[in-house]
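Read the structure below first, then the notes.
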Amino acid sequence: MHLGRLALGAAPLRHYPLLSGANKALRSRQLKTHSSLKALPRWPNRRVSSATVAPEEAGSGLIDAVRKNGPFVVFGGLFGGVIVMLYRSSAASSAFDKERDKILETCVLDSSEQIDLMVENKAFSTSIYDDITRSLSVAFPSGRTSYSDFVTHVQGYLEAPIKHGHLLDRVALSRPSEDEDVRFLMVLLSLALRETDCLEDRARSLFQAMLERYRPESPVGSTEAESLSAEQVSELVGFLHATQQVPVEKRVAKTSTKYPTQTYKAASPVDLVSEARTEVGLPQSGNVYEDDTVEILFSKSVCAWGACYPRGPG
């Protein structure tokens, strides 16, 4: 009986005290492990959508990210801004140079030749120039003449032929018309005025040469004849442009296109005179008198003969 019972069923644990104690210890460890697992946070078994994150948590995360990466963000922004600024500056400078070079291609005199004209003709003063101006209304009543006839007339007032006169010939012959406005020819002749005469005297002589009273249809001696209209001032600046008595840099103007980069165009005399009138405090409309004309010619906008540039003591 005892053998059959042992064969048919497992022996009670009390017959194996060592095995019974081992099972109790194992069970105790399992219970402790289960209890500790229950205390752990229950993580989801799928990725949580960002839409389910509370706004406060998302905002705090962004703030933390900015705080952590703030210096890098600021540095990157500054570096990018500097790169963009340098690019725009370089592109604008290239556009300015391109427009200036286009104007230089049309010039028939260089600066050294203009200096030669002023330095070599020491006998050609503004007083002689003014005498020629006063003779224009009689010599050329229509206000127009050919360059050859003008030269013949001028030679009667000179003590000696103009040195380097072929330079004046070059400018005149580059013009499409043979019949010229005598005022343009007088502005061309001013290229040869001696350098010892001050620029203000030269500007005042040009003002007198531009006055309409030297044309027969103008009222002689009237108050209005002692001033130039806005159109006449623009014509004077245009003549200075054509005879290269305005620095090339002043003949380039900004356009309204500033982005992505600043673009440039050839400045018109009307635009320059308008800027100059604003610069010297003159209204945009109305006639301009002699002193105002001198200020316009010497302004930074027009800068005739480079008068707006600083000069050395010599």
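For the sequence shown, my numbering gives the first residue as 108, with consecutive numbering after it. Where a beta carbon is used, it is the ideal one built from N, C-alpha and C, also for glycine. Here the structure is a predicted model, which is why all the values come from computation and not from measurement.
Report the start-end ranges of each beta strand (DSSP E) in the segment 367 to 401 that is 3 residues or longer and not cut off at the edges.
371 to 373
*D238: which of S284, V261 and S219 sits nearest, CA to CA?*
V261
Problem - Own chain, CB closer than 7 Å to R358, minus 5 neighbours either side, in chain order - result: I210, H348, A373 and A374
Inset, instruction - Would you grab the beta carbon distance between R301 and K229 for me? Rounded to a whole angstrom, and I think it's under 8 Å. - result: 5 Å
Range covered by the alpha helix (DSSP H) that runs through T233: T233 to R241
*Between the Cα of T240 and those of E382, G388 and Y264, spot the shortest distance and give me the residue it belongs to.*
Y264
Margin query: Going by C-alpha to C-alpha distance, which of E287, L224 and S219 sits closest to G250?
Written below: E287
Whether S336 touches L379 by CB criterion (7 Å)
no
For this session: Specify, as a first and last residue, the run of the alpha helix (DSSP H) that V360 falls within.
Result: In the sequence as presented, Val is not what sits at residue 360; that position holds Ala. Per DSSP, A360 belongs to no alpha helix (DSSP H); it is in the beta strand (DSSP E), V359 to K361.
According to DSSP, simplified to helix, strand and coil, what is R251? strand
query = Under a three-way DSSP split, which group does I403 fall into?
reply = helix
Q. Roughly how many whole angstroms lie between the Cα atoms of R384 and I269?
A. 35 Å
- Compare the Cα-Cα distances from A414 to each of T362, T364, S297 and P354 and report the closest residue. P354
Taking its Cβ as the centre, do 16 or more other Cβ atoms sit within 10 Å of P376, making it buried, or is it exposed? buried
Q. Taking buried to mean at least 16 other C-beta atoms within 10 Å of its own C-beta, is C410 buried or exposed?
A. buried
Check: Applying the criterion that 16 or more other CB atoms from any shown protein chain within 10 Å of the CB defines a buried residue, is Q352 buried or exposed?
Finding: buried
> Around the C-beta of S297, are 16 or more other C-beta atoms found within 10 angstroms, so that it is buried, or is it exposed?
Replying inline: buried
| message | I'd like to know if the segment 214 to 233 and the segment 272 to 290 are in contact, where contact means that at least 3 CB-CB pairs between them fall below 8 Å. | response | yes
Fill in: Neighbourhood of A267 by C-beta, 7 Å cutoff - its chain only, sequence neighbours within 5 removed
A230
Self-check item: Other residues of its chain near G364: CB distance less than 7 Å, five sequence neighbours each side excluded
Solution: In the sequence as presented, Gly is not what sits at residue 364; that position holds Thr. So the qualifying residues of the chain are T370.
Which whole-angstrom value is the C-beta distance of Y236 and S312, which I expect to be below 8 Å? 5 Å
How would you label W412, buried or exposed, when you count the other beta carbons within 10 angstroms and need 16 or more for buried? buried
Check: Can you name the start and end residues of the beta strand (DSSP E) that D288 belongs to?
Finding: D286 to D288
Q.
Closest to S255 by C-alpha separation, out of S392, S334, S232 and E285, would be which residue?
A. E285
Relative to the C-alpha of A299, which residue among Q315, D223 and V387 is closest? D223
Can you list, in chain order, the residues of its chain whose CB lies under 8 Å from that of E386, leaving out five sequence neighbours each side? S406, K407 and S408
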